[in-house]
Each structure stands twice: as structure tokens, then as C-alpha cells.
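Input: a single structure, listed below in C-alpha cells.
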Amino acid sequence: MDKVKMNGVKIVHDAEVFPWPLDDNSCSIIIMSHFVEHVKPWLIIDVINEAWRVLDNDGVLMVSTPYAGSYRYYQDPTHCCPWNESTVLYFIKGSEEFK
């Protein structure tokens with residue numbers, strides 16, 4: 044899924060628009076490669092919740108992003124949602140980090 048039609052894109056849809064055109068539990072893997080740092084900060088929780096909705100029970104969500112506060116993060120003026128190794132813990136039910 045991408046918001047731009049190009050080779051390999053089967054679903055053209057803006058991931059910041061909900062719901063995604065996917066059924067509940069329909070994906071075994073979601074790869075968000077250099078995407079989350081561009082999501083409007085007020086939508087990131089909705090984006091991740093939507094990913095949980097479409098992932099199957101044994102699904103995997105993979106997130107790759109420049110490290111928050113790094114040169115690679117700050118060099119791009121379109122980066123607006125920083126992540127580090129602890130950010131993902133906010134989205135894991137029962138995470139020991141935030142009990």
C-alpha cells in the first residue's frame with residue numbers, strides 16, 4: 044500500500060486516512076520503512092492502531108526509521124515524528140516500560 048501508484052503497489056491509499064482498505068486480521072506482515080517519521084504527530088497513534096487492526100494474530104509489524112535526534116533525522120525537513128528504541132513500547136500492550 045502506498046499513496047502513489049508505482050511498480051509493486053497493489054493498493055493506492057494514503058495511510059493517514061482511516062480506515063485502510065484492508066480487512067481485519069488480513070496481513071501477516073506490515074513493513075513501515077522510513078514512513079512513521081513523516082506521519083503527522085497527532086495521527087501516529089491512529090496509524091499504529093490501524094496496523095494492529097489489519098495484522099493477523101501472529102502478524103509482525105516492522106518499523107525502520109532514522110534515530111530520533113540524529114543527523115539523519117534532522118536533515119530532512121519533512122520529518123515530524125521522531126522515534127527511538129523506546130517509542131515502540133508505547134504501542135505494546137502490557138509493556139513493562141510503562142506500567
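Each residue of the sequence shown is one higher than the one before, starting from 44 at the first, in our numbering.
Don't be surprised by glycine CBs; every beta carbon is placed ideally from N, CA and C.
Since the model is a prediction, treat every value here as computed from it, not as a measurement.
Ranked by Cα distance from Asn-100, the first of Ile-72, Gln-118, Val-79 is Ile-72. Taking the Cα of Val-60 as reference, the smallest distance to any Cα among Val-90, Met-49, Ser-76, Cys-70 is reached at Val-90. Annotated three-state conformation of Val-55 is strand, per DSSP.
Taking a cut-off of 8 Å on C-beta distances, the segment 74-92 does not touch the segment 46-56, as fewer than three cross pairs fall below it. Beta-bridge partners of Val-103 (DSSP): Ile-72. For Asp-89, the three-state secondary structure derived from DSSP is helix. The shortest C-alpha to C-alpha distance from His-56 to any of Ile-87, Lys-46, Leu-65 is the one to Lys-46. Only residues of its own chain outside the window of five on either side were considered, and among them Ser-71, Ile-72, Ile-73 have a CB closer than 8 Å to the CB of Val-103, listed in chain order.
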